[in-house]
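Asker: Numbering (the numbering used here), first residue to last: -10 to 699.
Glycine is no exception: its CB is placed at the ideal position from the N, C-alpha and C atoms.
Please see the structure below; I have some questions.
Listed below in structure tokens is the structure:
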């Protein structure tokens, strides 16, 4: 094969087809030489052309190859010093994945050749391996970025109207009987009409996909017959993972992903990606050499200052990407812009986001990462959600991210769980969490929508297991049940000590309704984990990261249809009433022109809560009046909105409590529309109560009363 080589351009990075040829560009600051390898077939890595790149501009090695086009397989070999003690791990015997590859043709076939050092030696990583890794590592692929979006635009749903649904591309459809078997577990299945109909009927407005960036299944898991199911082990920040493609591996996965996004957008559903920019799949000094480590280790990773052989590890995975380096920041920003502009996604949830904020050692909430995002005209306009913690010192940063960011509110999760677990002394914090956590966000000019509220997430018990198991059961993970969160206490309150299965199941079902009701009536942005509305169980496994099987997949044949119906009505109720999804904070003061405060809290005897009530360590019940009559809420397009008023009663005591309704001025006639002690949400009036009348609220229950707008 004769290949003409021209200088090309240092930008854009990656492999870019212009219709006539491909420009290749690779950042490798400390490299002494770079070779571009072009492969003919996936099956035979020995048949390839090796091109020495001679052009170098601003640490970027580049070349333009006319006649090369989409479907071309390629990789890099990078020369330089192999000096681990100085942070350099160059090894031209290792074929490397392009960090900017838009597609990767397959997955890793684990072999010792993938490691840059000779395994088995003392101080092994200080030695240099001469084995060729090309037969064991997938190639990068040149793609055609053209796609027909058919005029479909992103829905642009405002935060306050959002209901997020966290799901896994494969697990959601793998067992779905109405999805064609050949596409189950893929992007195509997630964009299938059956899936879209389900999501629309449920009422969610966005799917938050667990990692779809191309990732690596860890060797130690493969050796145990397991796999990295969750995908938090990225190696390609521009490539949709090939495992979720039903159409091919030579770039077809990109088209399939775009088609999925287009169909979801057409249905009014946004796509949010869970992204892992804090670390890569290459691990620590004993990890493999797959991409960044061999391209320029010192230019991509946080290394220990006084011994660059070792990596700073704020993530628990062996390494940390160095977001202080301009080239790493550019990589992250380029990746985010690519997924927004080319793949049309609507936002991102940043895994272990505190790691990205670290300047030197401490977490700097206004670090360069946030500064760059804040000024970026593309990235700053989509949904940005932080997982506001990492495992390093000072890494728990809930409530401390800059304006413009939303956060997974771990304090909401912990507080609501404790409250429904029957803990005393929770009323004050519970009131904060229910109203959007103003103690965390209001002083920083942020809105209630800064709080992404959740009861469960992919990491931990499912909702069903949360109310069913006193202990975790992670035996299938092969770590002696020592992995996973050991602090997850059961929310099986009320079923403990019971022996009657019917009673136990009834208590558990009620607890699930309590959690869901609290979640969807709270201010902020609710996030529901896929399957919680169906009663999905993982049999007590609270760390199913390595279980690509029935433990993790949704079992549609065992769906709890009553719970599903209840959840649908809850979401519908939330979205129909702005009082549950306000754009502004409650003030606790009279609303102009109405005379009643926008929110008021009441004791069971009908008195407004006082300081003693809030600090009573034995009290576990309260009621809250939500004033919709004087909402005067400025809508998204400037319209003036008012709403009905509601009275929400929470009783976390084991026994029933008689609640006296408030004075006439708050409402003369209240209608009960929801009672979690019953398995339904009423759409029509059933029973009304006058002011100062009493209503019995069963133990461990929520009652919602409605007063129509006059």
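#1: Can you check the region 275 to 356 for any alpha helix (DSSP H) of at least 4 residues that lies completely inside it and give the ranges in chain order?
#2: DSSP state of residue 188, grouped into three classes?
#3: Count the other CB atoms within 10 Å of the CB of residue -5; is the residue buried (16 or more) or exposed (fewer)?
#4: When burial is assigned at 16 or more other CB atoms within 10 Å of the CB, is residue 76 buried or exposed?
#5: Using the Cα positions of residue 540 and residue 178, report the straight-line distance between them to the nearest angstrom.
#6: Leaving out five residues on either side along the sequence, give the residues of the same chain with a beta carbon under 7 Å from the beta carbon of residue 351.
#7: With the cut-off set at 9 Å, would you say residue 249 and residue 447 are in Cβ contact?
#8: Grab the span of the alpha helix (DSSP H) containing residue 560 for me, first residue to last.
#9: Thinking just about the alpha-carbon of each residue, which of 115, 299, 165 and 457 is nearest to the one in residue 546?
#10: Could you tell me the distance, in whole angstroms, from the CA atom of residue 664 to the CA atom of residue 419?
#11: Kindly indicate which residue of 536, 313, 554 and 71 has the alpha-carbon position closest to the one of residue 82.
#12: Rounded to whole angstroms, what is the Cα-Cα separation between residue 0 and residue 317?
#13: In whole angstroms, what is the alpha-carbon distance linking residue 56 and residue 11?
#14: If you reduce the DSSP assignment to three classes, tell me which class residue 48 lands in.
#15: Could you give the DSSP three-state label for residue 209: helix, strand or coil?
#16: Can you look up residue 83 in the DSSP assignment and give me helix, strand or coil?
#17: Just how far apart, CA to CA, sit residue 617 and residue 490?
#18: What first and last residue would you give for the beta strand (DSSP E) that runs through residue 442?
#19: Residue 382 CB to nearest chain D CB: under 9 Å?
#20: So what's residue 26 in DSSP terms, helix, strand or just coil?
#21: Please report how far the alpha carbon of residue 335 lies from the alpha carbon of residue 142, in whole angstroms.
#22: Would you call the region 303 to 314 in contact with the region 226 to 243, where contact means no fewer than 3 C-beta pairs closer than 8 Å?
#23: Which residue comes first and which comes last in the alpha helix (DSSP H) that contains residue 649?
#24: Which whole-angstrom value describes the C-beta separation of residue 132 and residue 86, a residue pair presumed to lie in contact below a C-beta threshold of 8 Å?
#25: By a C-beta neighbour count over all protein chains shown, 10 Å radius and 16 as the cutoff for buried, is residue 364 buried or exposed?
#26: What residues in its chain sit with their C-beta under 8 Å from that of residue 371, if we drop five residues either side in the sequence?
#27: How many Å lie between residue -3 and residue 50 at the Cα?
#28: In this structure, how does DSSP classify residue 177 when only helix, strand and coil are distinguished?
#29: Where does the unbroken alpha helix (DSSP H) through residue 491 begin, and where does it stop?
#30: Look at the alpha carbon of residue 356 and the alpha carbon of residue 291, and state the distance between them as a whole number of angstroms.
#31: With 16 as the cutoff for other CB atoms within 10 Å, does residue 474 come out buried or exposed?
#32: Assuming residue 635 contacts residue 680 (C-beta within less than 8 Å), just tell me the rounded distance between them.
#33: List the whole-angstrom C-beta distance separating residue 670 from residue 558, where the pair is believed to meet the contact cut-off of C-beta under 8 Å.
#34: Taking all protein chains shown into account, decide if residue 567 is buried (16 or more other Cβ within 10 angstroms of its Cβ) or exposed.
#35: What's the gap between the Cα of residue 529 and the Cα of residue 456?
#36: By the 10 Å Cβ neighbour count, where 16 or more other Cβ atoms means buried, how is residue 294 classified, buried or exposed?
Answerer: Based on what the coordinates show:
#1: Those alpha helix (DSSP H) runs which fall completely within the region 275 to 356 and span 4+ residues are 281 to 289, 315 to 330 and 342 to 345.
#2: Within the chain shown, numbered from 1, the residue matching residue 188 stands at position 199. If DSSP states are grouped into helix, strand and coil, residue 188 belongs with the helices.
#3: Sequence index remark: in the chain shown, residue -5 carries index 6 (1-based). Its Cβ having fewer than 16 others within 10 Å, residue -5 is exposed.
#4: Stepping through the chain shown from its first residue, residue 76 is reached at position 87. Taking every protein chain shown into account, the CB of residue 76 has 16 or more other CB atoms within 10 angstroms, so this residue is buried.
#5: For the purposes of this step, residue 540 is identified with residue 551 of the chain shown, where counting begins at 1. For the purposes of this step, residue 178 is identified with residue 189 of the chain shown, where counting begins at 1. In a straight line, the C-alpha of residue 540 is about 20 Å away from that of residue 178.
#6: Along the chain shown, read from residue 1 onward, the residue named residue 351 stands at position 362. Once the five neighbours on either side are set aside, the close Cβ partners of residue 351 are 383.
#7: Numbered from its first residue, the chain shown carries residue 249 at position 260. Numbered from its first residue, the chain shown carries residue 447 at position 458. Cβ distance not < 9 Å, so residue 249 and residue 447 don't count as in contact.
#8: Here residue 560 corresponds to residue number 571 of the chain shown, with the count starting at 1. Residues 550 to 565.
#9: Position 557 of the chain shown, counted from the first residue, corresponds to residue 546. With respect to the C-alpha of residue 546, the residue from 115, 299, 165 and 457 having the closest C-alpha is 165.
#10: Here residue 664 refers to the residue found at position 675 of the chain shown. Here residue 419 refers to the residue found at position 430 of the chain shown. Roughly 19 Å between the two C-alpha positions.
#11: Taking the chain shown and counting its residues from 1, one reaches residue 82 at position 93. For residue 82, the nearest C-alpha among the options comes from 71.
#12: Reading the chain shown from its first residue, position 11 is the one you call residue 0. Reading the chain shown from its first residue, position 328 is the one you call residue 317. The C-alpha of residue 317 is placed about 15 Å away from the C-alpha of residue 0.
#13: Taking the chain shown and counting its residues from 1, the one referred to as residue 56 is at position 67. Taking the chain shown and counting its residues from 1, the one referred to as residue 11 is at position 22. Distance from the CA atom of residue 56 to the CA atom of residue 11, rounded to whole angstroms, is 8 Å.
#14: Counting from one through the chain shown, the residue named residue 48 turns up at place 59. In the three-state reduction of the DSSP assignment, residue 48 falls in the coil class, being assigned neither a helical nor a strand state.
#15: For the purposes of this step, residue 209 is taken as the residue at position 220 of the chain shown. DSSP places residue 209 in the helix class (H, G or I) of the three-state scheme.
#16: Against the chain shown, residue 83 aligns to sequence position 94. Residue state for residue 83 is assigned as coil, using DSSP reduced to three classes.
#17: Here residue 617 corresponds to residue number 628 of the chain shown, with the count starting at 1. Here residue 490 corresponds to residue number 501 of the chain shown, with the count starting at 1. Approximately 42 Å, taken between the alpha carbons.
#18: Here the question's residue 442 lines up with position 453 in the chain shown. Note, residue 442: beta strand (DSSP E), 440 to 442.
#19: Among the chains of the structure shown, chain D does not appear; only one protein chain is present.
#20: Working through the chain shown from its first residue, we reach residue 26 at position 37. Three-state DSSP puts residue 26 in a strand.
#21: One-based indexing of the chain shown puts residue 335 at position 346. One-based indexing of the chain shown puts residue 142 at position 153. The alpha-carbon of residue 335 is positioned some 11 Å away from that of residue 142.
#22: By the Cβ rule, the region 303 to 314 does not count as touching the region 226 to 243, because fewer than three pairs are nearer than 8 Å.
#23: Start at 1 with the first residue of the chain shown, and residue 649 comes out as number 660. From DSSP, residue 649 is part of no alpha helix (DSSP H) but of the beta strand (DSSP E) over 646 to 649.
#24: Residue numbering aside, residue 132 sits at position 143 when the chain shown is read from its first letter. Residue numbering aside, residue 86 sits at position 97 when the chain shown is read from its first letter. In this structure, residue 132 and residue 86 do not form a Cβ contact; the two beta carbons are roughly 14 Å apart against a cut-off of 8 Å.
#25: The residue you call residue 364 lines up with position 375 of the chain shown. So residue 364 ends up on the exposed side.
#26: The residue labelled residue 371 in the question sits at position 382 within the chain shown. The residues are 329, 334, 335, 336 and 337.
#27: Your numbering for residue -3 matches position 8 in the chain shown. Your numbering for residue 50 matches position 61 in the chain shown. Straight-line Cα distance between these residues: approximately 10 Å.
#28: For the purposes of this step, residue 177 is taken as residue 188 along the chain shown, with counting starting at 1. Note: residue 177 maps to helix in three-state DSSP.
#29: For the purposes of this step, residue 491 is identified with residue 502 of the chain shown, where counting begins at 1. Here the alpha helix (DSSP H) through residue 491 covers 490 to 510.
#30: Looking up residue 356 in the chain shown gives position 367. Looking up residue 291 in the chain shown gives position 302. When only Cα atoms are considered, residue 356 and residue 291 end up about 15 Å apart.
#31: Here residue 474 is taken as the residue at index 485 of the chain shown, counted from 1. Residue 474 is exposed by the Cβ-count criterion.
#32: The sequence position of residue 635 within the chain shown is 646, counting from 1. The sequence position of residue 680 within the chain shown is 691, counting from 1. Wrong, their Cβ atoms sit about 15 Å apart, outside the cutoff.
#33: Translated into positions along the chain shown, residue 670 becomes position 681. Translated into positions along the chain shown, residue 558 becomes position 569. Distance from residue 670 to residue 558 at the Cβ level is roughly 4 Å; contact confirmed, criterion being Cβ atoms closer than 8 Å.
#34: The residue given as residue 567 occupies position 578 in the chain shown. Counting Cβ neighbours within 10 Å, residue 567 comes out buried, since at least 16 surround it.
#35: By 1-based counting over the chain shown, the position of residue 529 is 540. By 1-based counting over the chain shown, the position of residue 456 is 467. About 10 Å.
#36: Within the chain shown, residue 294 is the residue found at index 305, counting from 1. Counting Cβ neighbours within 10 Å, residue 294 comes out exposed, since fewer than 16 surround it.
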